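Taken in sequence, the protein lines are chains A and B. Start counting the first sequence at 2; every next residue gets the next number (our numbering). Start counting the second sequence at 2; every next residue gets the next number (our numbering). For every residue, glycine included, the Cβ atom is placed at its ideal position computed from N, Cα and C. Quick caveat: nothing in here was measured; it's all calculated off a predicted structure.
2 protein chains.
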Amino acid sequence: VNIELINTGSELMLGRVLNTHQQWLCRQLADHGYVVSRQVAISDSAGDIQAAVREALGRADLVITTGGLGPTSDDLTRDRVAALLGRSLHTDADTLVRLEEFYRQRKRRMPDRVRVQAQVPTGAIILPNQHGTAPGLALEVEAGRFRSGGRSWLILLPGPPRELHPMFSNQVVPLLRERLPLDQPYACLNLRTTGIPESRLEEAISGPLERFVAQGLDLGYCARVGEVDVRLAAHGTSAGALIAEAEAVLRRLLPEAIYGTGDVRLEDVVVRQLTEQKQTVIVAESCTGGLIAHRLTNVPGASAVFLGGFVTYANALKQSLLGVRDETLAAHGAVSEETAREMATGARASCGADYAVSVTGIAGPSGGTESKPVGTVFLGLASVRGVEVTKCFNPFDRETFKQVTSQQALDALRRAILAG
Amino acid sequence: VNIELINTGSELMLGRVLNTHQQWLCRQLADHGYVVSRQVAISDSAGDIQAAVREALGRADLVITTGGLGPTSDDLTRDRVAALLGRSLHTDADTLVRLEEFYRQRKRRMPDRVRVQAQVPTGAIILPNQHGTAPGLALEVEAGRFRSGGRSWLILLPGPPRELHPMFSNQVVPLLRERLPLDQPYACLNLRTTGIPESRLEEAISGPLERFVAQGLDLGYCARVGEVDVRLAAHGTSAGALIAEAEAVLRRLLPEAIYGTGDVRLEDVVVRQLTEQKQTVIVAESCTGGLIAHRLTNVPGASAVFLGGFVTYANALKQSLLGVRDETLAAHGAVSEETAREMATGARASCGADYAVSVTGIAGPSGGTESKPVGTVFLGLASVRGVEVTKCFNPFDRETFKQVTSQQALDALRRAILAG
Numbered sequence: 002v003n004i005e006l007i008n009t010g011s012e013l014m015l016g017r018v019l020n021t022h023q024q025w026l027c028r029q030l031a032d033h034g035y036v037v038s039r040q041v042a043i044s045d046s047a048g049d050i051q052a053a054v055r056e057a058l059g060r061a062d063l064v065i066t067t068g069g070l071g072p073t074s075d076d077l078t079r080d081r082v083a084a085l086l087g088r089s090l091h092t093d094a095d096t097l098v099r100l101e102e103f104y105r106q107r108k109r110r111m112p113d114r115v116r117v118q119a120q121v122p123t124g125a126i127i128l129p130n131q132h133g134t135a136p137g138l139a140l141e142v143e144a145g146r147f148r149s150g151g152r153s154w155l156i157l158l159p160g161p162p163r164e165l166h167p168m169f170s171n172q173v174v175p176l177l178r179e180r181l182p183l184d185q186p187y188a189c190l191n192l193r194t195t196g197i198p199e200s201r202l203e204e205a206i207s208g209p210l211e212r213f214v215a216q217g218l219d220l221g222y223c224a225r226v227g228e229v230d231v232r233l234a235a236h237g238t239s240a241g242a243l244i245a246e247a248e249a250v251l252r253r254l255l256p257e258a259i260y261g262t263g264d265v266r267l268e269d270v271v272v273r274q275l276t277e278q279k280q281t282v283i284v285a286e287s288c289t290g291g292l293i294a295h296r297l298t299n300v301p302g303a304s305a306v307f308l309g310g311f312v313t314y315a316n317a318l319k320q321s322l323l324g325v326r327d328e329t330l331a332a333h334g335a336v337s338e339e340t341a342r343e344m345a346t347g348a349r350a351s352c353g354a355d356y357a358v359s360v361t362g363i364a365g366p367s368g369g370t371e372s373k374p375v376g377t378v379f380l381g382l383a384s385v386r387g388v389e390v391t392k393c394f395n396p397f398d399r400e401t402f403k404q405v406t407s408q409q410a411l412d413a414l415r416r417a418i419l420a421g
Numbered sequence: 002v003n004i005e006l007i008n009t010g011s012e013l014m015l016g017r018v019l020n021t022h023q024q025w026l027c028r029q030l031a032d033h034g035y036v037v038s039r040q041v042a043i044s045d046s047a048g049d050i051q052a053a054v055r056e057a058l059g060r061a062d063l064v065i066t067t068g069g070l071g072p073t074s075d076d077l078t079r080d081r082v083a084a085l086l087g088r089s090l091h092t093d094a095d096t097l098v099r100l101e102e103f104y105r106q107r108k109r110r111m112p113d114r115v116r117v118q119a120q121v122p123t124g125a126i127i128l129p130n131q132h133g134t135a136p137g138l139a140l141e142v143e144a145g146r147f148r149s150g151g152r153s154w155l156i157l158l159p160g161p162p163r164e165l166h167p168m169f170s171n172q173v174v175p176l177l178r179e180r181l182p183l184d185q186p187y188a189c190l191n192l193r194t195t196g197i198p199e200s201r202l203e204e205a206i207s208g209p210l211e212r213f214v215a216q217g218l219d220l221g222y223c224a225r226v227g228e229v230d231v232r233l234a235a236h237g238t239s240a241g242a243l244i245a246e247a248e249a250v251l252r253r254l255l256p257e258a259i260y261g262t263g264d265v266r267l268e269d270v271v272v273r274q275l276t277e278q279k280q281t282v283i284v285a286e287s288c289t290g291g292l293i294a295h296r297l298t299n300v301p302g303a304s305a306v307f308l309g310g311f312v313t314y315a316n317a318l319k320q321s322l323l324g325v326r327d328e329t330l331a332a333h334g335a336v337s338e339e340t341a342r343e344m345a346t347g348a349r350a351s352c353g354a355d356y357a358v359s360v361t362g363i364a365g366p367s368g369g370t371e372s373k374p375v376g377t378v379f380l381g382l383a384s385v386r387g388v389e390v391t392k393c394f395n396p397f398d399r400e401t402f403k404q405v406t407s408q409q410a411l412d413a414l415r416r417a418i419l420a421g
């Protein structure tokens, strides 16, 4: 199935917003076995929209557009697509009732201009919008109109993510399964790893997975800051079994580095572990400046296991709040194994948490020395089993440094809980 | 000038990474008066690359590609573009010297496959890469080859952002100014505002700016979480004067809401203010979970003004670290004006900071009550002038809640410093 995606929006062309739709839709489609071959972004102008849709229908089995279905004068997609396909627009009674109901429930008067969203091209399948007003529209385009060969499908989706995402998952995916089924079954699995750089990971697993690749396994890597996803995908009746076997091999090879599957985040895993163990954590951060606490508290339910955090940027606070000793700072400095140790010990003692994580380091861009260059980090982990300090070196720009260091700290915590 | 952008990368088509190049390049070009009319993303395959470049050259005065210039077998752009243009590749001696120097400086042996990056198509202008190995390439394409009308420019840029960004700013922008000059002068100004929702902002300024719009001012809005940019742009010899006048009107209308220009972040402004005043701040966070501290410490040089932070998720820590009283928690609860007041007072007293910011609220998804629904926030600000507490209501998903609340806290701090 040849798929093209068209994102409309003048703010995209001015670089005012990031095109998150592109990633989200490509990812969702790929996970269902459909790969997008081309994505195009264009302005809201009528001419650009018509030209892009016409060209895409000249190549693809399926064309998906996002945006331009709203009630304002900028929203031209519905109208321009109907004109391109030579279909007239008529008011859909069910959609109009839903629009009126949407406003009634919110106790607001429906502005007249909203009625245009009940206009649909002849022959369209209507995808009701559960989280907004504009319905999605799916249109089958007759063979030969824009390309020789088979028919095409054209699906128009609304722009706002909280409308687009559920509409895609609940309505578009079933429609694709029915109208554009894959030739053969498809399965995929995303394994999330941390602690091993992409090149070493690839070296470690490409050999052992070679025989699965020979059997049709599609093996992909995606590196982000501090972590690498390994993506296993396969087509055919034995796809599920092939992936399960490859997964088993990977889990034997990397018993600790794989922290989860799908889109799970490292902080989700840590909060789940602590919740299951009924244990608590406190953090004492210097160079990460609150990022570890921020990541943990992004997880709903974190309050059951995360007691709190110290961000001790000033040395005086390391002393007064965490009990780091004058002599330690004088003899070894704030960025040292000893300080990290005392920070973790002091944080744990302050509230009786099961685990305390500490980080002290040099985020840069300034502050480095010959013996402790920018990027130097000491990471402490205190638990009932004592305190362990690890030295790391993360010579990156300031924000990458913070992200990588917070990842190492959360991963040290994850491994400690696993081992505990 | 009609511009098209082509981003190559199979990981884009699988939705594994976000296409940040698109936003960055579109934004940079727009700020220089060049608007991209179409952006296309395609896989790394030879056929897709050639087809996309051929089509773009059939329409545009300037085509920019990103990616595919590296040394691996996936990197096909240089080769496929040369073939498409009918140009042969030859080794550029200067580039080869730079490649060898790049490895010599890093005390690494240059792998043989890297030499391919010194291959350039006949007639190309070479854009040396200051931060990596693959040079950029600029090619003038003769009129009539892909479209009737004038010549086109084709510029190939490397994919890694830290190579792409300086190459674009330092080498591509001057090239554009020389080879594809704008018909008339262009000026633009981005004003960053916070504290006023987009619809109210538009209401407040569209009337007073009407006369400038009539004179050719292009007025745009871009809303992000907790803030709205107002973009002023104009063409023509009086563009600069028109924008300066419009800016003066906006600054009179919104004396406090405009916190900066360009890409400056609210946290940058706060750190700069404190640095200029030689003042310090400490934060006491509950529901924002460390995000305020994280944002402040993202700013290089923050350590001179940011003493530290408390993340007091557990009530016991609000008491032991900040001195919030038992009676206060019992009578008013942790999410209350009184608790926010005592948190700010206690944080400021703990270290003698000039300012202390406190936040306590209900991030959700659970924990709300009839009288204090999810989204309720109390925000305290302590200084030599006493403590002020503001109540806010941010009924959003957890991460948006944190972002908006941290923005309100930083903005309260900014306004207090201004007033102080």
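Close beta carbons around residue i, own chain, < 8 Å, minus the five adjacent residues each side
i, result
"Asp327 of chain B", "Gln320"
"Thr78 of chain A", "Thr9, Ile50, Thr66, Gly68, Gly69, Leu70 and Leu157"
"Glu199 of chain A", "Tyr222, Ala224 and Val229"
"Ala341 of chain B", "Ser359, Val360, Thr361, Phe379, Leu380, Gly381 and Val390"
"Val54 of chain B", "Ile7, Val64, Thr66, Arg81, Val82, Leu85 and Leu155"
Beta-carbon gap between residue i and residue j smaller than 8 Å
i, j, result
"Gln280 of chain A", "Tyr356 of chain A", "yes"
"Ser372 of chain B", "Ala335 of chain B", "no"
"Lys392 of chain B", "Glu338 of chain B", "yes"
"Thr276 of chain A", "Gly227 of chain A", "no"
"Ile4 of chain B", "Ala52 of chain B", "no"
"Val41 of chain B", "Val18 of chain A", "no"
"Asn171 of chain B", "Asn20 of chain A", "no"
Where residue i sits in the DSSP three-state scheme
i, result
"Thr276 of chain A", "helix"
"Gly48 of chain A", "helix"
"Asp93 of chain A", "coil"
"Ser207 of chain A", "helix"
"His236 of chain B", "strand"
"Arg148 of chain A", "coil"
"Ile244 of chain A", "helix"
"Gln216 of chain B", "coil"
"Gly347 of chain A", "helix"
"Val306 of chain A", "coil"
"Gln120 of chain B", "strand"
"Tyr104 of chain A", "helix"
"Thr9 of chain A", "strand"
Own chain residues within Cβ distance below 7 Å of residue i, not counting five before or after
i, result
"Ser407 of chain B", "Thr289, Leu292, Ile293 and Arg296"
"Asp45 of chain B", "Thr9, Gly10, Ser11, Gly69, Asp75 and Leu77"
"Leu243 of chain A", "Phe213, Gln216, Gly217, Leu218 and Ala235"
"Val115 of chain B", "Pro72, Leu100 and Thr134"
"Asn395 of chain A", "Gly376, Val378, Phe402, Val405 and Thr406"
"Leu254 of chain B", "Ala205, Ile206 and Pro209"
"Ala240 of chain A", "Pro186, Tyr187 and Ala188"
Spatial neighbours of residue i in its chain, beta-carbon cut-off 6 Å, leaving aside the 5 residues before and after
i, result
"Asn130 of chain B", "Pro136 and Glu164"
"Cys223 of chain A", "Asp230"
"Leu97 of chain A", "Ala119"
"His22 of chain B", "Asn8 and Thr67"
"Gly160 of chain A", "Thr67 and Gly68"
"Ala410 of chain A", "Ile293, Val358, Val360 and Leu380"
Expected contact under 8 Å - CB spacing of residue i and residue j to nearest Å
i, j, result
"Ala139 of chain A", "Arg152 of chain A", "Wrong, their Cβ atoms sit about 12 Å apart, outside the cutoff."
"Thr298 of chain A", "Tyr104 of chain B", "Between Tyr104 of chain B and Thr298 of chain A the Cβ distance is about 44 Å, and since that is not below 8 Å, they are no contact."
Return the residues of the region 8 to 22 of chain A that lie within a Cβ-Cβ distance of less than 8 Å from chain B, sorted by chain order. Glu12, Leu13, Met14, Leu15, Gly16, Arg17, Val18, Leu19, Asn20 and Thr21
Taking any Cβ of chain B, which residues in the region 297 to 328 of chain A have a Cβ under 9 Å from it, in chain order? Leu297, Thr298, Asn299, Val300, Pro301, Gly302, Ala303, Ser304, Phe307, Leu308, Gly309, Gly310, Phe311, Val312, Thr313, Tyr314, Ala315, Ala317, Leu318, Lys319, Ser321 and Leu322
Going along the chain, which residues of the region 41 to 53 of chain B sit with their C-beta nearer than 8 Å to a C-beta in chain A? Val41, Ala42, Ile43, Ser44, Asp49 and Ala53
Residues in the region 397 to 415 of chain A having any Cβ partner in chain B nearer than 8 Å: Arg399, Glu400 and Lys403
Residues from the region 142 to 158 of chain B in contact with chain A, defined by Cβ distance under 7 Å: none
Taking a Cβ distance cut-off of 9 Å, strictly less, list which residues of the region 359 to 373 of chain B are near chain A, in chain order. Ala364, Gly365, Pro366, Ser367 and Gly368
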